[in-house]
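K.L.:
In UniProt numbering, the protein residues as written are 1 to 277.
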């Protein structure tokens with residue numbers, strides 16, 4: 001099983017490498033087309049690519065909207081996106097503090113289709129193998145330092161990607177002033193992503209939005225917001241709202257509240273066999 005998974009991962013990464021190369025070629029084709037249309041001189045990168053200019057006459061038959069379309073499609077989530085609900089497993093580092101355990105419980109409430117697992121003495125290689133065997137779509141691993149949550153690792157199965165976020169200013173539900181107390185609604189939330197305009201930002205949005213169930217949530221009163229702020233921090237807020245008029249609503253923060261920052265983003269899954277904690 002390990003050898004088969006490794007082979008599938010290599011094949012997938014090879015396809016992704018080809019897609020990146022095709023995207024670079026499509027970008028140069030777009031520059032060539034724009035230069036010809038405007039009459040401006042070709043850039044040095046395009047002018048020195050003889051093969052590109054030679055093949056351009058064959059590319060003119062394609063519609064402009066199709067140029068590079070195939071290379072922009074990420075197939076890690078092809079079987080999940082808009083079709084099936086994600087199946088998340090949330091767990092912590094070994095020997096967690098009571099505060100990290102409480103944070104894990106609140107994260108379980110944040111993601112409607114997730115389950116929380118007490119690690120015990122289970123090592124991560126065994127946990128990853130169990131995720132593969134039980135069709136878990138994503139593993140969320142919470143880390144701490146002296147009782148303070150400090151990091152979140154999100155690994156998508158079976159082939160990646162893996163994103164590692166550092167956590168800052170984590171505030172639990174009961175520490176938020178005037179927060180909405182009581183039972184947390186587990187209705188599927190509306191998602192708001194603000195400020196993610198770069199290719200890397202859109203990549204992060206793809207990872208985060210597939211942690212939530214797809215589909216239209218017309219009757220849901222929950223809102224989860226991911227806003228990119230100064231310093232590349234991602235501000236995470238969880239609210240419920242009540243309509244107080246035809247065009248007015250009243251918000252109540254539910255929590256947890258945190259800031260995240262992307263530390264590492266890789267195509268493959270985490271090499272869990274190298275981890276022992």
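A virtual CB, placed ideally from N, CA and C, is assigned to each residue, including glycine. Given the structure is predicted, the values throughout are model-derived calculations rather than measurements.
Roughly how many angstroms separate the alpha carbons of residue 29 and residue 22, rounded to a whole number?
P.N.:
Computed Cα separation, rounded: 10 Å.
K.L.:
As an exercise, report each continuous alpha helix (DSSP H) stretch of at least 4 residues that is fully enclosed by the stretch 82 to 144, in chain order.
P.N.:
Entirely contained in the stretch 82 to 144, the alpha helix (DSSP H) runs reaching 4 residues are, in chain order, 98 to 110, 124 to 133.
K.L.:
By DSSP, does residue 174 sit in helix, in strand, or in coil?
P.N.:
Reduced to three states, the DSSP call for residue 174 is helix.
K.L.:
Which one or two residues does DSSP pair with residue 267 in a beta bridge?
P.N.:
DSSP, once it has assigned bridges, lists no residue as partnering residue 267.
K.L.:
Of the residues 117, 239, 88, which one's Cα is nearest the Cα of residue 253?
P.N.:
Out of 117, 239, 88, 239 has the C-alpha closest to the C-alpha of residue 253.
K.L.:
Measuring only the C-alpha atoms, how far is residue 129 from residue 160?
P.N.:
About 14 Å.
K.L.:
Quick check on residue 163: buried or exposed, where buried means 16 or more other Cβ atoms within 10 Å of its Cβ?
P.N.:
Buried, by the Cβ-count rule.
K.L.:
Kindly list the residues whose CB is nearer than 8 Å to the CB of residue 257, restricted to its own chain and excluding five residues on each side of it in sequence; keep chain order.
P.N.:
Closer than 8 Å at Cβ, skipping near neighbours: 169, 170, 171, 176, 236, 237, 238.
K.L.:
Using the C-alpha atoms, what's the distance from residue 199 back to residue 234?
P.N.:
Whole-angstrom Cα-Cα distance: 16 Å.
K.L.:
In its own chain, which residues sit with a C-beta less than 8 Å from the C-beta of residue 38, not counting the 5 before and 5 after it?
P.N.:
Once the five neighbours on either side are set aside, residue 38 has no close Cβ partner at all.
K.L.:
Determine, using beta carbons only, whether residue 92 and residue 142 come nearer to each other than 8 Å.
P.N.:
Yes, Cβ-Cβ distance for residue 92 and residue 142 is below 8 Å.
K.L.:
Specify the secondary structure class of residue 241 as computed by DSSP and reduced to three states.
P.N.:
Strand at residue 241.
K.L.:
Would residue 90 and residue 116 qualify as a contact pair, given that the criterion is a beta-carbon distance under 8 Å?
P.N.:
Their beta carbons are under 8 Å apart, which means residue 90 touches residue 116 by this criterion.
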